[in-house]
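Down below is the structure, laid out as structure tokens.
There are 2 protein chains.
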Amino acid sequence: MTNRMLDTQDPCGAVLIALADPTRRRIFEVLVHKPRSVAAVAQTVPVSRPAVSQHLRQLSDAGLVTVTKEGTRNIYAARREGVEVLRRYLDGLWSDVLTAFAEHVELKEQK
Amino acid sequence: MTNRMLDTQDPCGAVLIALADPTRRRIFEVLVHKPRSVAAVAQTVPVSRPAVSQHLRQLSDAGLVTVTKEGTRNIYAARREGVEVLRRYLDGLWSDVLTAFAEHVELKEQK
DNA sequence: ACTTACGGTAAGTTATGACTAACCGAATGC
DNA sequence: GCATTCGGTTAGTCATAACTTACCGTAAGT
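So the protein lines, in turn, are chains A and B.
When you line the first sequence up against the UniProt record's numbering, it's residues 1 to 111, in that order.
When you line the second sequence up against the UniProt record's numbering, it's residues 1 to 111, in that order.
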């Protein structure tokens with residue numbers, strides 16, 4: 001039996017951290033609307049281009065965006081599956097078997 | 001015409017920030033399993049009680065938990081509606097009318 | 001009344017993360 | 001070849017946020 005605790009452990013921590021920052025969330029939303037180059041993204045946000053590059057790195061590490069080299073420029077695009085990870089986490093919060101198990105334990109402890 | 005941008009603005013920013021911190025997310029998960037007092041929560045997490053108190057404050061401000069005074073102790077409980085706000089944000093990312101509008105603008109700009 | 005458990009608040013420290021400026025390599029155009 | 005555009009990386013600064021210790025009010029127990 002594989003340990004479900006380990007499987008479920010923190011697949012969305014990076015996603016939450018990535019989306020928590022206002023600038024980074026804005027960048028992500030911009031990319032949801034349309035894939036763009038780094039410079040194009042930088043124009044839509046009040047920070048420098050290197051800052052955008054660093055944010056894109058974090059978004060990429062979190063699986064929220066993809067990169068495709070297109071000549072000299074890198075086109076970033078939002079990844080639906082990235083937010084799916086987070087959605088599944090939210091869905092599993094109350095319905096997770098761990099919750100059921102925990103409640104079961106609680107009931108046992110009460111007697 | 002009311003500005004939908006303003007209506008939609010940042011209802012989940014506080015939620016994302018609250019859940020982004022590992023300790024705070026752990027506390028929230030613990031409360032999902034079962035409502036607990038502050039001291040009880042503090043036992044499940046490797047930080048001091050005042051730290052837990054501060055985290056609970058943030059979770060409360062984000063609408064993720066509720067408090068009910070019970071004698072001398074404060075019982076905190078996870079709030080399902082709190083995460084619903086975040087889920088709605090995720091759902092609306094691609095289906096939002098703003099996306100459709102933005103794409104419409106893009107097409108217009110291309111001619 | 002005194003004591004004890006509970007918990008929020010304040011002040012101060014420390015760590016982390018967001019940002020800029022400067023630098024560098026790589027691909028394109030002349 | 002040279003200049004230019006694009007973009008990732010580094011070093012360093014600054015702000016914020018997480019944490020602890022100390023303190024104070026409040027509600028219950030004796």
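For each residue, glycine too, the CB sits at the ideal point set by N, CA and C.
1. Got a sec: is the Cβ-Cβ distance from residue 13(A) to anything in chain B below 8 Å?
2. With a cut-off of 8 Å on the beta carbons, I'd call residue 64(A) and residue 78(A) a contact; round off their distance for me.
3. For the UniProt domain "HTH arsR-type" (6–109) of chain B, which segments carrying the alpha helix (DSSP H) assignment without a break, of at least 4 residues, lie completely within its bounds, in sequence order?
4. At a Cβ cut of 8 Å, what residues of the segment 20–34 of chain B count as close to chain A, listed as they run along the chain?
5. Distance, Cα to Cα, residue 80(A) vs residue 70(B)?
6. Quick one, are the C-beta atoms of residue 86(A) and residue 90(B) less than 8 Å apart?
7. When we look at the beta-carbon of residue 57(A) and count the other beta-carbons within 10 Å, is it buried (16 or more) or exposed?
8. Assuming residue 75(A) and residue 35(A) are in contact, meaning their beta carbons sit under 8 Å apart, how far apart are those beta carbons, in whole angstroms?
9. Would you say residue 80(A) reaches chain B, if we count a Cβ-Cβ gap shorter than 8 Å as a contact?
10. Answer with buried or exposed for residue 52(B), where buried requires no fewer than 16 other C-beta atoms within 10 angstroms of its C-beta.
11. Quick one, are the C-beta atoms of residue 16(B) and residue 19(A) less than 8 Å apart?
12. Just the Cα atoms here: how many angstroms apart are residue 72(A) and residue 37(A)?
13. Report the option in 11(A), 25(A), 39(A) and 10(A) whose CA atom is closest to the CA atom of residue 10(B).
14. With a 10 Å radius around its C-beta and 16 neighbouring C-beta atoms as the bar for buried, classify residue 47(A) as buried or exposed.
15. Around the C-beta of residue 62(A), are 16 or more other C-beta atoms found within 10 angstroms, so that it is buried, or is it exposed?
On the basis of the supplied data:
1. yes
2. 7 Å
3. 13–20, 22–33, 38–43, 49–61 and 80–95
4. 20, 22, 25, 29, 32, 33 and 34
5. 44 Å
6. yes
7. exposed
8. 5 Å
9. yes
10. buried
11. yes
12. 10 Å
13. 25(A)
14. exposed
15. buried
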